[in-house]
Structure formats: C-alpha cells, structure tokens
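Counted the way the UniProt record's numbering counts, the sequence shown spans residues 1 to 372. Heads up: the structure comes next, in structure tokens.
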Amino acid sequence: MGFCLVRDISFPRLLNESSYTENFCVLSSKYVNLVLRFDKLGPNSSYNTSTTIDEPDEYNLIFGNCQKEFLVTMNLHTEMYNVNNNWEKDFLPAGQTLLPKLYFLFFIIYFVFMVVWGFICIKQREVVQKIHMVMAALLVFKALKMICASEDKMYIRNTGKAHGWDVAFYIFGFLKGVTLFTVIVLIGTGWSILKPFLHDREKKILMFVIPLQVIENIASIVISEGGPVEKHWLVWNEMFLLIDVMCCCIVLVPILWSIKSLKDASKNDGKASENLRKLTLFRHFYVVLIMYLYFTRFGIAMIESVVSYMHEWVTTIAAEGASLMFYMFIFYNFKPIEKNPYLAIHRNYDDLEDEKEGEKEKDEEDDDDEIP
1 MGFCLVRDIS
11 FPRLLNESSY
21 TENFCVLSSK
31 YVNLVLRFDK
41 LGPNSSYNTS
51 TTIDEPDEYN
61 LIFGNCQKEF
71 LVTMNLHTEM
81 YNVNNNWEKD
91 FLPAGQTLLP
101 KLYFLFFIIY
111 FVFMVVWGFI
121 CIKQREVVQK
131 IHMVMAALLV
141 FKALKMICAS
151 EDKMYIRNTG
161 KAHGWDVAFY
171 IFGFLKGVTL
181 FTVIVLIGTG
191 WSILKPFLHD
201 REKKILMFVI
211 PLQVIENIAS
221 IVISEGGPVE
231 KHWLVWNEMF
241 LLIDVMCCCI
251 VLVPILWSIK
261 SLKDASKNDG
271 KASENLRKLT
281 LFRHFYVVLI
291 MYLYFTRFGI
301 AMIESVVSYM
311 HEWVTTIAAE
321 GASLMFYMFI
331 FYNFKPIEKN
341 PYLAIHRNYD
351 DLEDEKEGEK
361 EKDEEDDDDE
371 IP
C-alpha cells in the first residue's frame, strides 16, 4: 500500500498495463513515481519524504492498495501547488493560471453582448418574438457561467478549494446547454417568428434533447469531479461522448426538414429563383452549425492532444472564441428587425405546410363523398 504520482499522459498506459499484467500492483509500475509505501510507517509514527520530478507535467496523486483482501479507510489532507514568482502558493495547474482572467474577460464580453441585445429588443419591441426572449436567456446563462468559472478558478488558485462556485458553475452550465440546444431547434423550426406553436414532431425533438442534456451534464460533473481511478469513470466518459454526439445530430433534424420543405416549395409554386436565394441563406445556418459542433467537439480535442500542459489556456480560448462567433452569427442573422430574410424563409415553409394540410383535408372529403 502507498501513494504515487502519475502523469496525465501515463494513465492510458497504466490502465493498459493493469489489464494485461498478472498480479498487477500500481506501486510497482514503471509509469508511476513512488512517494510513500506504508511498510515504512510504524505505529503512531510520521514519515517525511520528497520526490524528484524529472519531467514537468500534470501529475495526479493516487493511493494504491495491492492487498485486495484488506479494506483501507483514512482521513487524508493533501496540498499540491506550484510557487509563483512572488513565492506564493498557486493551486492551479501551470497551464490554467490565466483562466481566471480569461473567463472574466469573456464574462465582460457576454455582458456587453447582453446589454446590446436588450437595447435592440427594446428598440424593435414591435417585432420582438418569444424566440428573442429565449435567446436573451441564453446570453444571461452564458454570462453567469463565465463569471462563476472565473471565481471558481480564482478561489482554487488562492486556496485550493472552489468554495461553492463549482456548484454555481455546473448549474448555469446546465441551463446554458439546455437553452442553447433549445434555441437551435426553435430557430430551425421557425417557432414564434411566424407560427405560435410547434408541430408534434418538433415537440418530440425537444422532449428528447432536454433529458439527454440533463444526463450529459450529470456525466460532465462526474468526469470533472472524479478521475481515471474512480469506479465507472471511463463508462461516464463514453456516455458523455455518446450523448453529446446524439444531441448534435438530433438538433440538425428540424433544419433538414425545413430545407426539404423549401425544396418542395420551389417545385410547387414556380418561384425557383426567389426560393433558391432563400434556401441558400437558410443553408448558411446549417453549415455554420455543423462547423461549430464539429470544431467544439473534435477540433478542441485535437488541440488538447497537441498542446503542452503549460498551454492549456489555448484550448479554452479556442473553444470560447468559437462559441462567441457562433452566438454572434445567430444573434445577428435572427435579430428582431423588419423584413428579416428569415421570416420570408418560413413564410414559404408555413404556406407549404398549410397547402399540404388543405390537400389532406380535401382527400378526406373526397373519400367521404364516395361512400354510398
């Protein structure tokens, strides 16, 4: 029994070694730096030791019990920190020391964004729809998430503990995630801009996405608060990735429905050139959404795999920068103004839906007339 240090990049190798080595003991692995073995402790004794780190990196302190017949409980207090230029303790990893300032900067940006959006909605109050209020809520939750992330990292840097800011961060992160996917689905269906209701198939998508977002955020919390040595941690990782991909695919469905309806409208009403222009505009939203989802899911993972531990903040800037540009695209193209091209898009869509409903009712009446 004892404690050892494991580099982040060594965890996959360590897990692989544990799977294929008979009578595996983590304390004897070549991928760990041994800190303390309990056989060197006597009754009512203390033990001091130091470990030389030859390769700077992110390290995890883990407890290894190679005697499975014994259960061990203990009260443990650990402190792992770096020392900054002022010889003060810094409990954040070296690559995250800039995160408090970065998150606060993004909070300022989203706060200004929110004020500008509120000003636009007040100025254009005659054409403001319910969807614009949902979009405003998205900015509120995003800004609150950023300030909570800033405070969370700041308290961890100074004291080693989040002091409750992590809870607020998870709450507003959950609300932001649900609201973002809801906004994407509602924009794709044209809800409240021209039609005051959702069709049953659109309601089913929302009822499917929202519970998935709940599960995804629970998985995210388990992953963040736990670690590779936690039981079922890898299962939670796989669940998180699977659900995230499912949500990303599901929100594309109503947009594809709208594009298909626009193509049908072009064939039926004879206004091919006009509908082609509108279809091209609507496809921009689809393409930008695909790019955003792909970059924030796969692109960020690729960046994380190539940057060093000293530059973790680069992935944060990349992810938050992509999110900010996506938000700006959505809010600029679907802001409350007169003669918004988006309204014209869904006017044709709704006309086609009404035409289909009319044809269906007519067919039913004809069937009734044929009954003797």
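Yeah, the Cβ is synthetic: ideal placement off N, Cα and C, and Gly gets one too.
Setting aside the 5 residues that flank it on each side, Thr78 is surrounded in the same chain by Leu61, each with a C-beta closer than 7 angstroms to its C-beta; the list follows chain order. As summarised for the UniProt domain "CAND6/7 N-terminal" (1-82), the continuous beta strand (DSSP E) elements at least 3 residues long and confined to that stretch are 2-7, 32-37 and 59-64, given in chain order.
Distance check between Ile53 and each of Thr21, Gly95 and Cys4 places Cys4 closest, using alpha-carbon atoms only. Residue environment for Phe331: buried (at least 16 other C-beta atoms within 10 angstroms of its C-beta). Taking 9 angstroms as the cut-off, the beta carbon of Thr189 is found closer than this to the beta carbon of Ser258.
Between the segment 105-120 and the segment 319-338 there are three or more inter-stretch CB-CB distances shorter than 8 angstroms, so the stretches are counted as touching. Between the segment 281-295 and the segment 244-253, the count of Cβ pairs shorter than 8 angstroms is three or higher; the stretches touch. Between the alpha carbons of Asp90 and Val83 lies a distance of about 6 angstroms. Membership of Tyr327 in the alpha helix (DSSP H) is indicated by the continuous run Glu312 to Asn333. Within 10 angstroms of the beta-carbon of Cys148 lie 16 or more other beta-carbons, which makes it buried. In the structure shown, Lys161 adopts coil according to DSSP, grouped into three states. Taking 9 angstroms as the cut-off, the beta carbon of Leu92 is found closer than this to the beta carbon of Ile156. Between Lys40 and the set Leu15, Glu304 and Gly2, the nearest pair of CA atoms involves Gly2. Collapsing the DSSP output to three states places Lys89 in a strand. Here the C-alpha atom of His311 lies approximately 42 angstroms from the C-alpha atom of Glu202. Phe111 is not a Cβ neighbour of Lys145, given a cutoff of 9 angstroms.
For Ile300, the CB contacts under 7 angstroms within the same chain, skipping 5 residues up- and downstream, are Thr315, Ala318 and Ala319 in chain order.
In the three-state reduction of the DSSP assignment, Lys123 falls in the helix class, which pools H, G and I. Less than 9 angstroms separates the beta-carbon of Trp313 from that of Thr97.
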